Amino acid sequence: GQKSQLLCALQVVYRVSFSLMREPRKGRLYYSFSFSFLKQYYIKTDGIFGIMFRMDNYGEYTFKVRTYEWGPDGFATMPAVCNYLQEAAALNAEELKFSKSNFDAAGENISWVLTRMRIEMDKYPKWGENVSVLTFPRGGRKIAAWRDFLVKDSEGNVIGRAASEWMLINLSTRKIVQI
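Note that the numbering used here has the sequence shown beginning at 570, numbered continuously upward.
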């Protein structure tokens with residue numbers, strides 16, 4: 570059925586785990602999945618499987634854990650990891666010509682606002698360690714856009730993953746803008 574269609578489309582993604590979830594407001598069911606190796610394709614699930622995105626819109630950015638970003642245990646804090654993720658999202662949006670500066674250049678007074686983020690860290694990076702964040706937009710619907718992240722240590726091992734939801738707002742009226 571639907572799971573076999575998804576596995577066929579994910580032939581370049583290894584160790585996929587699935588879970589069936591219910592959308593909070595509308596009660597629709599959707600599949601969520603995580604992965605540990607990503608090469609070229611990603612699947613957007615919109616209640617129906619089989620919509621495929623090329624991975625030419627991803628970005629990978631490296632950050633160094635600084636002294637003011639680690640806690641008493643010598644590891645980066647969660648706020649520091651959140652900052653890496655937001656910075657990577659901003660840099661990738663800039664490269665894709667879909668950032669605040671691009672909106673300003675087009676004469677539109679709109680900006681992205683992070684509405685929610687789910688982060689799972691297997692381990693935190695140490696002080697002085699380089700952290701690589703791979704990010705890509707996953708899609709969107711009406712007023713929300715989604716972006717996913719993989720956090721890697723200096724050896725390239727995945728140490729964390731995150732999913733986020735973003736909305737566009739009009740800065741003058743403070744109202745949500747449709748995507």
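Built from N, CA and C at the ideal position, the CB exists for glycine as well. For clarity, every value in this text was computed on a predicted model and none was experimentally measured.
Option in Leu740, Trp735, Ile745, Ser723 with minimal Cα separation from Lys692
Position 123 of the sequence shown, counted from the start, is the residue given in the question as residue 692. The option with the nearest alpha carbon to Lys692 is Ser723.
Helix, strand or coil for Leu683, going by three-state DSSP, please let me know.
By one-based count along the sequence shown, residue 683 stands at place 114. Residue state, collapsed to three classes: strand.
Measure the alpha-carbon distance for Ala578 versus Leu703 and round it to whole angstroms.
Indexing the sequence shown from 1 puts residue 578 at position 9. Indexing the sequence shown from 1 puts residue 703 at position 134. The predicted model places Ala578 with a pLDDT of 35, which falls under 50 and marks its position as unreliable; any figure quoted below should be read in that light. As the crow flies, the alpha-carbon of Ala578 is around 21 Å from that of Leu703.
Along the chain, where does the alpha helix (DSSP H) containing Leu654 start, and where does it finish?
One-based indexing of the sequence shown puts residue 654 at position 85. Per DSSP, Leu654 belongs to the alpha helix (DSSP H) from 647-664.
Among Arg687, Ile745, Arg716, the one whose alpha carbon lies nearest that of Met647:
The residue labelled residue 647 in the question sits at position 78 within the sequence shown. For the residues Arg687, Ile745, Arg716, the minimum Cα distance to Met647 belongs to Arg687.
Taking Cβ positions, are Asn678 and Leu740 nearer each other than 9 Å?
Taking the first residue of the sequence shown as 1, we reach residue 678 at position 109. Taking the first residue of the sequence shown as 1, we reach residue 740 at position 171. Yes; because the gap between Cβ atoms is below 9 Å, this pair is in contact.
By Cβ distance below 6 Å, which residues in the same chain neighbour Ala662 in space, the five residues on each side in sequence not counted?
The count along the sequence shown starts at 1 and reaches residue 662 at position 93. Shown here for Ala662: same chain residues with a beta carbon closer than 6 Å to its own, the five before and five after excluded, namely Ser668 in chain order.
In angstroms, rounded to a whole number, what distance separates the CA positions of Lys666 and Lys695?
Stepping through the sequence shown from its first residue, residue 666 is reached at position 97. Stepping through the sequence shown from its first residue, residue 695 is reached at position 126. Between Lys666 and Lys695, the C-alpha separation is close to 33 Å.
Return helix, strand or coil for Arg597, following the three-state DSSP convention.
Working through the sequence shown from its first residue, we reach residue 597 at position 28. Only weak support is given to the placement of Arg597: the predicted model assigns it a pLDDT of 48, under 50, and the question is left unresolved by the model.
Top-ranked residue by Cα proximity to Glu698, from Ala657, Asn626, Gly725, Leu660:
Your numbering for residue 698 matches position 129 in the sequence shown. Cα-wise, what sits closest to Glu698 is Gly725.
Spatial neighbours of Lys721 within its chain, please: CB distance less than 8 Å, with the 5 preceding and 5 following residues excluded, ordered by chain position.
Mapped onto the sequence shown, residue 721 falls at position 152. These residues qualify, in order along the chain: Val700, Ser701, Val702, Leu703, Val727, Ile728.
Residue environment, Arg716, which counts as buried when at least 16 other CB atoms sit within 10 Å
Taking the sequence shown and counting its residues from 1, the one referred to as residue 716 is at position 147. It is buried - the Cβ of Arg716 has at least 16 other Cβ atoms within 10 Å.
Confirm, please, whether the CB-CB distance from Glu638 to Asn652 is below 9 Å.
Translated into positions along the sequence shown, residue 652 becomes position 83. Translated into positions along the sequence shown, residue 638 becomes position 69. Yes, the pair counts as a contact, with Cβ atoms nearer than the cut-off.
How close, in whole Å, do the beta carbons of Ser733 and Leu683 come, if the pair is a contact with beta carbons under 8 Å?
Within the sequence shown, the letter at position 164 stands for residue 733. Within the sequence shown, the letter at position 114 stands for residue 683. The Cβ separation is near 6 Å, so the contact holds.
Taking C-alpha atoms, which residue in Tyr627, Gly708, Ala731 lies nearest to Ile748?
Locating residue 748 in the sequence shown gives position 179, counting from the first residue. Per the Cα distances, Gly708.
May I ask you to report which of helix, strand or coil DSSP gives Lys669?
Translated into positions along the sequence shown, residue 669 becomes position 100. Collapsing the DSSP output to three states places Lys669 in a helix.
Is Glu656 near Phe632, with beta carbons less than 9 Å apart?
Start at 1 with the first residue of the sequence shown, and residue 656 comes out as number 87. Start at 1 with the first residue of the sequence shown, and residue 632 comes out as number 63. Yes. Within cutoff.
Residues in its own chain within less than 8 Å of Met690 by CB, not counting five upstream and five downstream?
Start at 1 with the first residue of the sequence shown, and residue 690 comes out as number 121. The answer, listed in chain order, is Met647, Val650, Val720, Ile728, Gly729.
Answer yes or no: does any C-beta atom of chain B fall closer than 9 Å to that of Glu734?
No chain B appears in this structure, which consists of one protein chain only.
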